[in-house]
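Chemist: As they're listed, the protein sequences go chains A and B. If you read the first sequence in UniProt numbering, its first letter stands for residue 1, the second for the next number, and so on. If you read the second sequence in UniProt numbering, its first letter stands for residue 1, the second for the next number, and so on. For each residue, glycine too, the CB sits at the ideal point set by N, CA and C.
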Amino acid sequence: MSLAPDAHLLIIGAGLAGYYTARQMRTQGHTGPITVLGAEAHPAYDRPALSKAYLCGTTDLCDLYLDDPADPLDVRWVRSDAVVGLSTEPLGVRTASGTFYLGDAVVIATGAEARRLGGHAIRCVEDAAALRAAPLAGARVAVIGGGFLALETAATCTTRGAGSVTVIAGEELPGLRRLGQPVAQALHRLHEQHGVRFLGAARALSVTPAGHAEHPEHAEHPGSPEHVITLSDGRRIEADVVISAVGAVPATAWLTRSALALDPETQAVLTDDTGFTGIPGIWAAGDCALWAAQRTGLRPVGHWQETVDQAQALASAMLGGVPSPMQEPYLWSDQHHVTIQAAGMLALADEVQVLAGSIEAGDLLVSYLREGTEIGILGMNRLREVVRWRRARRIRPAALAA
Amino acid sequence: MFLTEEGTVHALDDTCTHQDASLAAGWVENCRVECPLHESTFSLRTGEVDQPPAKRGVRAHQVTVQDGEVLVELSTAVPQLPPGVEVA
Numbered sequence: 001m002s003l004a005p006d007a008h009l010l011i012i013g014a015g016l017a018g019y020y021t022a023r024q025m026r027t028q029g030h031t032g033p034i035t036v037l038g039a040e041a042h043p044a045y046d047r048p049a050l051s052k053a054y055l056c057g058t059t060d061l062c063d064l065y066l067d068d069p070a071d072p073l074d075v076r077w078v079r080s081d082a083v084v085g086l087s088t089e090p091l092g093v094r095t096a097s098g099t100f101y102l103g104d105a106v107v108i109a110t111g112a113e114a115r116r117l118g119g120h121a122i123r124c125v126e127d128a129a130a131l132r133a134a135p136l137a138g139a140r141v142a143v144i145g146g147g148f149l150a151l152e153t154a155a156t157c158t159t160r161g162a163g164s165v166t167v168i169a170g171e172e173l174p175g176l177r178r179l180g181q182p183v184a185q186a187l188h189r190l191h192e193q194h195g196v197r198f199l200g201a202a203r204a205l206s207v208t209p210a211g212h213a214e215h216p217e218h219a220e221h222p223g224s225p226e227h228v229i230t231l232s233d234g235r236r237i238e239a240d241v242v243i244s245a246v247g248a249v250p251a252t253a254w255l256t257r258s259a260l261a262l263d264p265e266t267q268a269v270l271t272d273d274t275g276f277t278g279i280p281g282i283w284a285a286g287d288c289a290l291w292a293a294q295r296t297g298l299r300p301v302g303h304w305q306e307t308v309d310q311a312q313a314l315a316s317a318m319l320g321g322v323p324s325p326m327q328e329p330y331l332w333s334d335q336h337h338v339t340i341q342a343a344g345m346l347a348l349a350d351e352v353q354v355l356a357g358s359i360e361a362g363d364l365l366v367s368y369l370r371e372g373t374e375i376g377i378l379g380m381n382r383l384r385e386v387v388r389w390r391r392a393r394r395i396r397p398a399a400l401a402a
Numbered sequence: 001m002f003l004t005e006e007g008t009v010h011a012l013d014d015t016c017t018h019q020d021a022s023l024a025a026g027w028v029e030n031c032r033v034e035c036p037l038h039e040s041t042f043s044l045r046t047g048e049v050d051q052p053p054a055k056r057g058v059r060a061h062q063v064t065v066q067d068g069e070v071l072v073e074l075s076t077a078v079p080q081l082p083p084g085v086e087v088a
């Protein structure tokens with residue numbers, strides 16, 4: 001049953017998923033009221049720059065706003081009021097301020113929260129602002145995590161003039177498990193060329209204030225550090241600034257006692273591949289949700305483009321329009337002026353082939369195969385090749401097909 | 001500079017208005033170029049943008065083809081650069 005044209009839509013969460021869902025609902029013709037409830041005090045903003053241009057100080061929060069002040073969405077924004085409870089009968093949500101909002105449909109888009117091991121994290125603008133304000137010049141910086149967020153942050157810290165940047169990636173080479181040997185070697189080399197140091201497969205077990213830790217026997221730096229990180233191989237790393245980039249957990253604590261089915265492992269809201277939860281009128285998208293294809297491992301979780309594509313698919317399903325197909329998964333990252341782009345089902349690959357470029361030059365073009373068939377691609381400063389690959393595989397909506 | 005399959009020639013500012021990316025590496029279709037990083041597409045004729053993440057169009061420059069030579073008259077409008085990027 002599709003949403004009536006005058007129906008009131010409640011969107012819970014004012015991040016990328018919330019903004020794009022509202023935008024897609026308007027683009028696809030919904031005329032009824034839309035209310036977006038956000039816990040943060042800011043207008044909806046885009047997060048990718050928080051580990052890059054924002055952290056460097058070259059852009060400000062207002063540059064990251066998703067909505068265009070010159071052409072704003074026709075949406076009611078409610079800020080600084082976290083949603084604390086979901087009601088199915090009547091359909092609506094309760095907020096921290098005690099307000100109950102009634103809706104004809106609810107889209108849950110509360111995103112995810114950073115896992116925090118200690119020190120800094122980078123999830124919201126306050127996190128990034130704290131790190132931006134931290135004196136990084138000359139500091140011993142330790143980054144925990146080996147994903148793109150960790151690597152981007154490490155790269156930015158070198159730009160900010162850190163005395164040393166050490167990455168505790170938890171694998172022999174950064175990205176080895178997810179991206180394969182050649183790309184992991186190229187990333188390792190790229191970062192080492194810019195002075196970033198890696199500690200191999202050791203994982204970080206804990207971060208403690210230096211004053212409370214036992215005196216490390218083999219201190220690697222002089223001076224009095226702020227933190228000591230204990231590694232799984234017994235080493236202790238001293239650092240003035242510690243940044244954790246070790247993943248995120250769906251922000252669904254407010255749904256624990258609701259009627260919704262949550263993933264037992266991650267607590268993400270389980271939905272079908274249109275974002276429908278199975279409970280009439282309730283949908284979910286973005287990092288708080290686990291769509292069916294994500295649950296089976298076919299599609300990635302936590303990528304910017306995935307959320308944007310979900311918003312479009314969800315809106316067309318909710319409005320009963322022509323189904324919007326999900327495109328090949330896509331991600332990108334910027335590290336030390338190298339743009340890394342990947343597209344396709346990398347997680348399913350059983351073989352990796354270097355098509356062009358070299359690890360030394362940092363300009364790899366890599367193909368991912370499964371049983372001999374290409375299912376994905378990754379390029380380092382290979383914008384032309386990656387865009388061509390994606391467009392050749394673009395799935396067009398049914399109505400436009402011949 | 002863009003040469004379309006139809007044989008028309010167009011000139012745009014090369015930097016996407018959302019983030020520092022060269023539109024010359026983008027995808028051209030239906031007289032529009034899609035940024036190689038995201039989904040925004042720009043008209044090769046006017047430079048206007050159709051969808052986010054970019055909010056502003058790029059400048060389109062006037063092109064004439066004369067005896068096989070491409071002549072470009074640069075726009076006098078203010079360039080729309082992404083935040084944090086300045087003209088060298």
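#1: Just the Cα atoms here: how many angstroms apart are residue 286 of chain A and residue 20 of chain A?
#2: Quick one: grab the DSSP three-state call for residue 356 of chain A.
#3: By DSSP, does residue 328 of chain A sit in helix, in strand, or in coil?
#4: Mind checking residue 381 of chain A: buried by the 16 CB within 10 Å criterion, or exposed?
#5: Let me know if residue 1 of chain B comes out buried or exposed under the rule of 16 or more other beta-carbons within 10 Å of its beta-carbon.
#6: Is the shortest distance between the beta-carbon of residue 79 of chain B and the beta-carbons of chain A less than 9 Å?
#7: Take every Cβ of the region 252-265 of chain A, pair it with every Cβ of the region 159-178 of chain A, and state whether three or more of those distances are shorter than 8 Å.
#8: For a cutoff of 9 Å on Cβ pairs, would you count residue 75 of chain B as touching chain A?
#9: How should residue 217 of chain A be labelled, buried or exposed, when 16 other C-beta atoms within 10 angstroms of its C-beta is the threshold for buried?
#10: Below 9 Å between beta carbons: does that hold for residue 327 of chain A and residue 370 of chain A?
#11: Beta carbon of residue 13 of chain A, beta carbon of residue 109 of chain A: below 9 Å?
#12: Just the chain A side, please: which residues come within less than 7 Å of residue 37 of chain B by C-beta, in chain order?
#13: Establish whether the CB of residue 91 of chain A and some CB of chain B are separated by less than 9 Å.
#14: Return the chain-ordered list of same chain residues with a C-beta closer than 7 Å to the C-beta of residue 297 of chain A, the five sequence neighbours on each side being excluded.
#15: 9 Å is my cut-off, CB to CB: does residue 404 of chain A come that close to chain B?
#16: Residue 92 of chain A to residue 76 of chain B, Cα distance in whole Å?
#17: Excluding the five sequence neighbours on either side, which residues of its own chain have a C-beta within less than 7 Å of the C-beta of residue 246 of chain A, listed in chain order?
#18: Counting only beta-carbon separations shorter than 9 Å, does residue 71 of chain A have a partner in chain B?
#19: Please name the residue or residues paired with residue 379 of chain A in a DSSP beta bridge.
#20: Counting only C-beta atoms, is residue 256 of chain A closer than 9 Å to chain B at any point?
#21: For residue 100 of chain A, count neighbouring C-beta atoms within 10 Å of its own C-beta (all shown protein chains included) and say buried if the count is 16 or more, exposed if not.
#22: Under 7 Å between beta-carbons, which chain B residues line up against residue 136 of chain A? List them in chain order, please.
#23: Within 9 Å (strictly less), CB to CB, does residue 53 of chain A reach chain B?
#24: Give the range of the beta strand (DSSP E) segment to which residue 42 of chain B is assigned.
#25: What's the C-alpha gap between residue 121 of chain A and residue 336 of chain A?
#26: Does DSSP put residue 191 of chain A in a helix, in a strand, or in coil?
#27: Who are the neighbours of residue 68 of chain B on chain D, taking C-beta pairs under 8 Å?
#28: With distances taken from CA atoms, which of B:62, B:81, B:79, B:31 is nearest residue 72 of chain B?
#29: To the nearest angstrom, report how far apart residue 135 of chain A and residue 279 of chain A are at their CA atoms.
#30: Would you check if the distance between the CB atom of residue 75 of chain A and the CB atom of residue 22 of chain A is smaller than 9 Å?
#31: Closest to residue 360 of chain A by CA distance: which of A:94, A:183, A:80, A:50 is it?
#32: Using the beta-carbon of each residue, which ones in chain B are nearer than 8 Å to residue 384 of chain A?
#33: For residue 123 of chain A, is the classification buried or exposed, using 16 other Cβ atoms within 10 angstroms of its Cβ as the cut-off for buried?
Modeler: So, to answer that:
#1: If I take the Cα positions, the gap works out to 10 Å.
#2: strand
#3: coil
#4: buried
#5: exposed
#6: Output row for residue 79 of chain B: interface = no.
#7: no
#8: no
#9: Because residue 217 of chain A sits at a pLDDT of 48, beneath the cut-off of 50, its placement in the model cannot be relied upon, and the following sentence gives the value as read from the coordinates. Burial call: exposed.
#10: no
#11: yes
#12: 332
#13: no
#14: Taken in chain order, the residues that qualify are 347.
#15: With chain A covering only 1 through 402, there is no way to say anything about residue 404 of chain A.
#16: If I take the Cα positions, the gap works out to 53 Å.
#17: 115, 117, 144, 145
#18: So yes, residue 71 of chain A belongs to the interface.
#19: A:341, A:365
#20: False, the Cβ-Cβ gap to chain B never drops below 9 Å.
#21: The residue in question, residue 100 of chain A, is exposed, as its Cβ has fewer than 16 Cβ neighbours within 10 Å.
#22: Under the 7 Å cutoff, chain B gives no residues; its nearest Cβ is about 18 Å from residue 136 of chain A.
#23: yes
#24: 41-43
#25: In a straight line, the C-alpha of residue 121 of chain A is about 20 Å away from that of residue 336 of chain A.
#26: helix
#27: Included in the structure are the protein chains A and B, with no chain D among them.
#28: B:62
#29: Separation of residue 135 of chain A and residue 279 of chain A (C-alpha to C-alpha, rounded to the nearest whole angstrom) is 49 Å.
#30: When the beta-carbon positions are compared, residue 75 of chain A and residue 22 of chain A come within less than 9 Å of each other.
#31: A:183
#32: Residues of chain B passing the Cβ test: 25, 36.
#33: buried
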